[in-house]
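Residue numbers (the UniProt record's numbering): 1 to 282.
Every residue gets a Cβ at the ideal spot worked out from N, C-alpha and C, and that includes glycine.
Quick caveat, the model's predicted, so the values are computed rather than measured.
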């Protein structure tokens, strides 16, 4: 895991955030302003602000219980925020459903793998292509020519996406029969099938051995470069985060305590204290 990944220079933008220099002439893909959510009397996330460039690999880190997955749930409208705004590609996502957010361009994976285990690998990917099917129920029932042309297009697209991870030979296998690392890759492929502009990965390296993690790092960079999309990941593997993430946001108790590059985050006293605890003076 000593491989060095080329990361873009980060530059400031008017929202007091930083994005990769290569994205400076494009509008950010995601802008969160003063985002927050309360559960009863508990303020789970408060005053969360973040900007992500259109081709940025961003990291969201923090101790267990810091609110990271809650942020992903807010972005994907599993939860509706109590306050604040979320702009996706410049559009306000207020009041949108999870399905609408997916059609707008956000796809995600989960901490716990969520595949259709009894369906084939290819059919799992085709589930992700549902946003791009444009035939009527009657066309499907009667198996009209348009149906078969769309089915062939879906098969070709699924195989194309699987080939990115060298998984095309597994297309006919039940998803539940795959090794753990392959299931993780399949979940990412299915998310990519929805044609996102922002891919959210929730602890993608969880349960992986070092060689699988190294391959995952290469695949995340490949995804960004191939599809020219942004990737935001929650991850506890700091080697992975520091190796590939360009901008990193650190949460603790639902509050942003630091934002910056990997180098800035690694030397930030507030981050060190959040992870290691405050050191007592001698």
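(message) Which of the three DSSP states is assigned to residue 29 in this structure?
(response) coil
(message) Do residue 29 and residue 11 have their beta-carbon atoms positioned less than 9 Å apart in this structure?
(response) no
(message) Short of 8 Å in beta carbon distance, which residues of its chain neighbour residue 284, apart from the five on each side in sequence? Order them along the chain.
(response) Here the chain has residues from 1 to 282 only, and residue 284 is not among them.
(request) For the beta strand (DSSP E) containing residue 58, list its first residue and its last residue. (result) 57–61
(request) Report buried or exposed for residue 211, applying the criterion of at least 16 other Cβ atoms within 10 angstroms of its Cβ. (result) exposed
(request) Please classify residue 152: is it buried, with 16 or more other beta-carbons within 10 angstroms of its beta-carbon, or exposed? (result) exposed
(request) Just the C-alpha distance for residue 104 and residue 83, rounded to the nearest angstrom, thanks. (result) 21 Å
(request) Please report the residue range of the alpha helix (DSSP H) in which residue 217 lies. (result) 210–227
(request) May I ask you to list the residues that DSSP assigns as paired with residue 233? (result) 59 and 201
(request) Could you round the C-beta distance between residue 219 and residue 165 to whole angstroms and report it? I think they count as a contact, below 8 Å. (result) 6 Å
(request) Following the continuous alpha helix (DSSP H) through residue 259, name the residue where it begins and the one where it ends. (result) Element bounds for residue 259: not the alpha helix (DSSP H) but the beta strand (DSSP E), 255–260.
(request) Count the other CB atoms, across all protein chains shown, that sit within 10 Å of the CB of residue 73; report buried if there are 16 or more and exposed otherwise. (result) buried
(message) Can you tell me whether residue 91 is buried or exposed? The criterion is at least 16 other CB atoms within 10 Å of its CB, across all chains shown.
(response) exposed
(message) For residue 275, which residues in the same chain have their Cβ closer than 7 Å to its Cβ, ignoring the five residues on either side in sequence?
(response) 63
(message) Please return the same chain residues whose Cβ sits closer than 6 Å to the Cβ of residue 226, not counting the five positions on each side in sequence.
(response) none
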